[in-house]
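Okay, structure first, notes after.
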Amino acid sequence: MAELGPAHGAVLATVAAAALIHNGWMGFKIGQARKKYNVPYPALYAPAGHKNEKEFNCIQRGMQNSLENLPTFYALLLTAGYKYPLAAASCGAVYLLGRILYFNGYATGNPEKRYKGGFGHLGQIGLLGMVIRWSVELLAPAFKA
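For the sequence shown, my numbering assigns the number 8 to the initial residue and increments by one for each residue that follows.
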């Protein structure tokens, strides 16, 4: 059975940070926006014609996009983190910083400002690269004569 070492703690800390950012901080910001703009549950978005439709919907969309990407992020982080824990945690941190800036930019009400967090995808690409590398390492012996 494989063993986890101390470096794997960095991966787990990154998982915890992702949960706190997405489900904690972003969720709190959405709750504040619901009160500020009077968009009650169960409505996901402000209805068409609402006086603060764009402002609220930009905040909500910032979180929704982050949540849509979260399963892929977790899968890549945990898979890459098993083999390359410190590199994966570092890429995960870059991704999460990008998500924070993406959300904050979107929350301004100007969707163009979300692109400030675009660099976070470099972390995601790094994680994908680690997973691909490891898969090639595992598959290579099967193709040797």
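For glycine and all other residues, C-beta sits at the position ideal for the given N, C-alpha and C. Since the structure is predicted, the reported quantities are computational estimates derived from the model, not experimental observations.
Item                                                                                                          : Value
Three or more C-beta pairs below 8 Å linking the segment 88–99 and the segment 127–145                        : yes
Beta-carbon gap between residue 106 and residue 127 smaller than 8 Å                                          : yes
Rounded distance between the beta-carbons of residue 116 and residue 3, thought under 8 Å                     : No information on residue 3 is available, as it lies outside the stretch 8 to 152 that the chain covers here.
Heavy atom of the ligand ZN within 7 Å of residue 66 beta-carbon                                              : Of the ligands one can find in the structure shown there are none, so the ligand ZN has no counterpart to examine.
Euclidean distance between Cα positions of residue 32 and residue 19                                          : 18 Å
Buried versus exposed call for residue 38 [16 or more other C-beta atoms within 10 Å across all chains shown] : exposed
Assigned secondary structure, residue 92 (DSSP; H/G/I helix, E/B strand, else coil)                           : helix
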